[in-house]
Amino acid sequence: MAFKELMEIERLKLDKIKEPKQRSELFRTIQEKYINEVHSLVEQLNESQDAQLSEVLKQIKETDRLYLEIKGIQITAHVLFSRHGKCSSWEQKKFGLSPNAALSEEAERNMERTSHSTGDLLFYSPSERPPSIAVSPMNRALQTAGWVIPREIKNATIAVLPFLAENSNAPSGYDVRSMSDMRKLSDQISFWTSPIKKLLLKLSLWIYSDQDFALLYKKRKKAAEKIQEHGNKILLEECDDVYQNLDYTGDKIEDTQNFIEHVEQRDCWLFGHGKNFKAFFQTVLGITLDFDYGETRRVYKIKDEGHRSSLFVPPYVMIIDQKTGKIKGKCTGVIGTLLQKEYVPLSKEETCPDVSTAITGLGKSVVTQKSLKECAFNDSTNRGEQPDSKIQHQESQSLIVKKF
Numbered sequence: 001m002a003f004k005e006l007m008e009i010e011r012l013k014l015d016k017i018k019e020p021k022q023r024s025e026l027f028r029t030i031q032e033k034y035i036n037e038v039h040s041l042v043e044q045l046n047e048s049q050d051a052q053l054s055e056v057l058k059q060i061k062e063t064d065r066l067y068l069e070i071k072g073i074q075i076t077a078h079v080l081f082s083r084h085g086k087c088s089s090w091e092q093k094k095f096g097l098s099p100n101a102a103l104s105e106e107a108e109r110n111m112e113r114t115s116h117s118t119g120d121l122l123f124y125s126p127s128e129r130p131p132s133i134a135v136s137p138m139n140r141a142l143q144t145a146g147w148v149i150p151r152e153i154k155n156a157t158i159a160v161l162p163f164l165a166e167n168s169n170a171p172s173g174y175d176v177r178s179m180s181d182m183r184k185l186s187d188q189i190s191f192w193t194s195p196i197k198k199l200l201l202k203l204s205l206w207i208y209s210d211q212d213f214a215l216l217y218k219k220r221k222k223a224a225e226k227i228q229e230h231g232n233k234i235l236l237e238e239c240d241d242v243y244q245n246l247d248y249t250g251d252k253i254e255d256t257q258n259f260i261e262h263v264e265q266r267d268c269w270l271f272g273h274g275k276n277f278k279a280f281f282q283t284v285l286g287i288t289l290d291f292d293y294g295e296t297r298r299v300y301k302i303k304d305e306g307h308r309s310s311l312f313v314p315p316y317v318m319i320i321d322q323k324t325g326k327i328k329g330k331c332t333g334v335i336g337t338l339l340q341k342e343y344v345p346l347s348k349e350e351t352c353p354d355v356s357t358a359i360t361g362l363g364k365s366v367v368t369q370k371s372l373k374e375c376a377f378n379d380s381t382n383r384g385e386q387p388d389s390k391i392q393h394q395e396s397q398s399l400i401v402k403k404f
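One point on numbering: in UniProt numbering, the residue at position 312 of the sequence shown is 312, and numbering is uninterrupted.
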């Protein structure tokens with residue numbers, strides 16, 4: 001039986017049940033069916049040929065929508081978080097010494113046709129609701145975005161944002177673009193407070209030269225040119241390069257939260273780094289899973305019948321296979337949600353000062369809730385047997401909120 005028909009049957013049951021405990025049990029059953037359906041669809045996705053890929057991806061999104069709908073929840077926006085493609089510790093990063101390390105050439109070759117299928121990851125029509133795209137200023141994130149942004153997007157709002165740059169103690173994770181950038185960072189760091197960081201910078205200054213940075217610039221410019229085919233220009237006229245801010249000192253998690261808070265009724269796609277995104281998901285949603293190369297996580301902005309805003313993370317992730325460039329799925333067994341304050345429109349003055357040079361009108365910090373429980377898929381008879389009983393819906397009795 002199709003999942004839509006199953007949800008219609010469960011809806012009829014809900015209409016007849018008024019007792020809170022019975023409704024809670026029914027919601028538990030609905031969640032089990034949802035998790036099992038997602039698991040089945042992910043298996044289909046991984047076995048699909050190119051011709052079937054689009055249809056399975058649409059079914060997965062529709063399954064999410066039907067599950068939220070039966071709980072009285074409306075999707076108000078859709079956010080994708082993508083880690084950059086393969087950039088190995090030895091070959092590209094040279095154990096951290098290679099400044100602003102780029103993608104592996106193999107990963108670039110294998111992702112050349114990825115943009116032909118990534119449009120099916122979008123929730124809204126890009127022609128009707130132009131998406132928002134934000135990219136880390138670092139080489140490997142820009143290169144990944146250049147190959148992954150759906151080819152049908154032509155009208156996106158695109159920003160290169162410093163709070164998406166990598167969290168790192170090594171030169172491979174710094175947005176440095178010249179020897180002078182490296183010397184500037186080195187001069188700012190005390191050996192007594194950050195000895196390893198200082199030593200790595202000194203070694204990089206000794207090993208690398210402006211010629212190496214010239215090669216990185218060519219790759220970065222090529223990626224930026226590909227990206228801006230999908231919307232506004234990101235290469236700045238005064239330097240023919242993307243935005244850089246080595247003096248950024250903001251809170252990356254808060255700034256990321258503010259950025260997606262501003263997105264309504266459209267897709268938003270963030271391209272960045274595994275450490276940053278893991279920190280965001282762990283702090284905001286309580287999800288501690290690492291990001292793989294090319295991993296893309298879906299987050300729905302939602303609103304319940306009481307007009308309370310939240311985020312919802314479905315129990316799966318998408319991964320751009322670095323050997324084939326194709327989209328694969330992986331079940332995580334983790335459903336994440338977060339509760340926020342009732343939405344209040346922001347005034348023009350309420351913007352985020354740390355990124356005002358790149359994008360304006362961002363929201364304030366939100367009040368959130370971690371309501372997460374892992375439910376592992378052990379085998380075909382045990383899938384989803386531990387549903388997340390803490391996920392909030394209109395029958396919830398109490399709300400525990402945490403402010404960031």
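Beta carbons are placed, not taken as given, at the ideal position from N, Cα and C, and that holds for glycine.
For clarity, every value in this text was computed on a predicted model and none was experimentally measured.
Legend entry - Residue burial classification, Gly231 (beta-carbon count within 10 angstroms, cutoff 16): Residue 231 sits at position 231 when you count from the first residue of the sequence shown. Buried.
Legend entry - Span separating the alpha-carbon of His116 from that of Pro162: Taking the sequence shown and counting its residues from 1, the one referred to as residue 116 is at position 116. Taking the sequence shown and counting its residues from 1, the one referred to as residue 162 is at position 162. Cα to Cα, the separation comes out at about 28 Å.
Inset, instruction - Count the CB pairs spanning the segment 122-131 and the segment 102-113 that are closer than 8 Å, and state whether there are at least three. - result: Contact fails: fewer than three Cβ-Cβ distances are below 8 Å.
Legend entry - Other residues of its chain near Asp321: CB distance less than 8 Å, five sequence neighbours each side excluded: Numbered from its first residue, the sequence shown carries residue 321 at position 321. In its chain, beyond the 5 residues on either side, Asn110, Gly294, Ile327 and Lys328 have a beta carbon closer than 8 Å to the beta carbon of Asp321.
Inset, instruction - Along the alpha helix (DSSP H) that carries Thr193, what are the first and last residues, could you check? - result: Within the sequence shown, numbered from 1, the residue matching residue 193 stands at position 193. DSSP places Thr193 in no alpha helix (DSSP H); its state is neither H nor E.
Inset, instruction - Have a look at Thr193 and Leu97 and give me their C-alpha separation to the nearest angstrom. - result: What you label residue 193 is simply residue 193 of the sequence shown in a count that begins at 1. What you label residue 97 is simply residue 97 of the sequence shown in a count that begins at 1. When the Cα atoms are used, Thr193 and Leu97 turn out to be separated by approximately 20 Å.
Inset, instruction - Indicate whether Asn46 and Asn167 have their beta-carbon atoms separated by less than 8 Å. - result: In the sequence shown, the residue the question calls residue 46 occupies position 46. In the sequence shown, the residue the question calls residue 167 occupies position 167. For the pair Asn46 and Asn167, the CB atoms are not nearer than the 8 Å cut-off.
Inset, instruction - Have a look at Ser209 and Met179 and give me their C-alpha separation to the nearest angstrom. - result: Within the sequence shown, numbered from 1, the residue matching residue 209 stands at position 209. Within the sequence shown, numbered from 1, the residue matching residue 179 stands at position 179. About 7 Å.
Legend entry - Own chain, CB closer than 8 Å to Leu185, minus 5 neighbours either side, in chain order: Residue numbering aside, residue 185 sits at position 185 when the sequence shown is read from its first letter. Around Leu185: Tyr174, Val176, Leu201 and Leu246.
Inset, instruction - Look at Thr76 and Ile302 and say whether their C-beta atoms are less than 8 Å apart. - result: Along the sequence shown, one-based indexing puts residue 76 at 76. Along the sequence shown, one-based indexing puts residue 302 at 302. Less than 8 Å divides the Cβ of Thr76 from the Cβ of Ile302.
Legend entry - Cα-Cα separation, Thr357 to Glu229: Walking along the sequence shown from the start, residue 357 turns up at place 357. Walking along the sequence shown from the start, residue 229 turns up at place 229. Residue confidence is low: Thr357 scores 33 on pLDDT, short of 50, so the model does not pin down where it sits. Its coordinate-derived value is still stated next. Roughly 22 Å separates the two Cα atoms.
Inset, instruction - Determine the direct distance from the alpha carbon of Gly306 to that of Leu68, and round the result to whole angstroms. - result: Counted from its first residue, the sequence shown places residue 68 at position 68. Counted from its first residue, the sequence shown places residue 306 at position 306. Looking at the two C-alpha atoms, the distance is approximately 14 Å.
Inset, instruction - Tell me whether residue 405 sits in a helix, a strand or coil according to DSSP, three-state version. - result: Since the first residue shown for the chain is 1 and the last is 404, residue 405 is missing from the structure and cannot be characterised.
Legend entry - From Ile207, Asp64, Lys71 and Pro130, residue whose alpha carbon lies closest to that of Phe3: Within the sequence shown, the letter at position 3 stands for residue 3. Relative to Phe3, the option among Ile207, Asp64, Lys71 and Pro130 whose CA is nearest is Asp64.
Legend entry - DSSP three-state assignment for Glu166, whether helix, strand or coil: Taking the sequence shown and counting its residues from 1, one reaches residue 166 at position 166. Three-state result, Glu166: coil.
Legend entry - Three-state class that DSSP yields for Asp290 in the structure shown: Residue 290 sits at position 290 when you count from the first residue of the sequence shown. DSSP places Asp290 in coil when its eight states are reduced to three.
Legend entry - CB contact check: Thr249 to chain B, cutoff 8 Å: In the displayed structure, chain B is absent; only one protein chain is listed.
Legend entry - Selection from Gly286, Glu25, Val317 and Arg298 that minimises the alpha carbon distance to Leu338: Locating residue 338 in the sequence shown gives position 338, counting from the first residue. Nearest in C-alpha terms to Leu338, of all of Gly286, Glu25, Val317 and Arg298, is Gly286.
Legend entry - From Lys219, Lys198 and Leu236, residue whose alpha carbon lies closest to that of Ile158: Against the sequence shown, residue 158 aligns to sequence position 158. It is Leu236 whose Cα lies nearest to the Cα of Ile158.
Inset, instruction - Measure the alpha-carbon distance for Tyr34 versus Ile253 and round it to whole angstroms. - result: On the sequence shown, position 34 is the one that residue 34 refers to. On the sequence shown, position 253 is the one that residue 253 refers to. A straight line joining the alpha-carbon of Tyr34 with that of Ile253 spans about 30 Å.
Inset, instruction - Measure the C-alpha to C-alpha separation of Lys222 and Trp206 and round it to an integer number of angstroms. - result: As a working note, residue 222 is residue 222 in the sequence shown. As a working note, residue 206 is residue 206 in the sequence shown. Looking at the two C-alpha atoms, the distance is approximately 27 Å.
Legend entry - Continuous alpha helix (DSSP H) stretch holding Asp321: start and end: As a position in the sequence shown, residue 321 is number 321, starting the count at 1. Note, Asp321: premise wrong, no alpha helix (DSSP H); not H, not E.
Legend entry - Counterpart residues of Asp50 in DSSP-defined beta bridges: For the purposes of this step, residue 50 is taken as the residue at position 50 of the sequence shown. Residue pairing from DSSP leaves Asp50 without any beta-bridge partner.
Legend entry - Under 8 Å between C-beta atoms of Ile60 and Ile149: Counting from 1 along the sequence shown, the entry for residue 60 is found at position 60. Counting from 1 along the sequence shown, the entry for residue 149 is found at position 149. No. Outside cutoff.
Inset, instruction - Can you say whether Ser136 is buried or exposed, counting buried as having 16 or more other CB atoms within 10 angstroms of its CB? - result: Here the question's residue 136 lines up with position 136 in the sequence shown. Counting the other Cβ atoms within 10 Å of the Cβ of Ser136 gives 16 or more, which makes it buried.
Inset, instruction - Sort out for me which residues DSSP pairs His78 with in a bridge. - result: As a working note, residue 78 is residue 78 in the sequence shown. His78 pairs with Asp267 and Tyr300.
Legend entry - Nearest-angstrom Cα separation, counted from Arg266 out to Thr360: Along the sequence shown, one-based indexing puts residue 360 at 360. Along the sequence shown, one-based indexing puts residue 266 at 266. Because the pLDDT of Thr360 is 28, which lies under 50, any placement of that residue in the model is unreliable, and the number read from its coordinates should be weighed accordingly. If you take the alpha carbons of Thr360 and Arg266, they lie about 17 Å apart.
Inset, instruction - List the whole-angstrom C-beta distance separating Val242 from Phe81, where the pair is believed to meet the contact cut-off of C-beta under 8 Å. - result: Position 242 of the sequence shown, counting from 1, holds the residue named residue 242. Position 81 of the sequence shown, counting from 1, holds the residue named residue 81. Their Cβ separation, rounded to whole angstroms, is 20 Å, which puts Val242 and Phe81 out of contact at 8 Å.
Legend entry - Simplified DSSP state of Asp64, which is helix, strand or coil: Residue 64 sits at position 64 when you count from the first residue of the sequence shown. In this structure, Asp64 counts as helix in the three-state DSSP scheme.
Inset, instruction - Note down the Cα distance separating Leu6 from Asp290, rounded to an integer number of angstroms. - result: Taking the sequence shown and counting its residues from 1, the one referred to as residue 6 is at position 6. Taking the sequence shown and counting its residues from 1, the one referred to as residue 290 is at position 290. In a straight line, the C-alpha of Leu6 is about 33 Å away from that of Asp290.
Legend entry - Among Asn155, Arg220 and Asp255, the one whose alpha carbon lies nearest that of Cys239: To locate residue 239, count along the sequence shown from 1; it is residue 239. Nearest of Asn155, Arg220 and Asp255 to Cys239, Cα basis: Arg220.
Legend entry - Candidates Glu19, Pro20, Phe27 and Asn169: closest to Ile9 by CA position: For the purposes of this step, residue 9 is identified with residue 9 of the sequence shown, where counting begins at 1. Out of Glu19, Pro20, Phe27 and Asn169, Phe27 has the C-alpha closest to the C-alpha of Ile9.
Inset, instruction - Give the single residue among Ile30, Asp120 and Glu108 whose Cα lies nearest to the Cα of Thr296. - result: Here residue 296 refers to the residue found at position 296 when the sequence shown is read from its first residue. Nearest C-alpha to Thr296 among Ile30, Asp120 and Glu108: Asp120.
Legend entry - Integer-rounded CB distance, given that Val56 should sit under 8 Å from residue 443: Here the chain has residues from 1 to 404 only, and residue 443 is not among them.
Legend entry - Environment of Asn382 [buried if 16+ CB atoms lie within 10 Å]: Mapped onto the sequence shown, residue 382 falls at position 382. With a pLDDT of 33 at Asn382, under the threshold of 50, the predicted position of this residue should be treated as unreliable, and no value is reported.
Inset, instruction - Decide if Gln188 is buried, meaning its Cβ has at least 16 other Cβ atoms within 10 Å, or exposed. - result: The residue given as residue 188 occupies position 188 in the sequence shown. Exposed.
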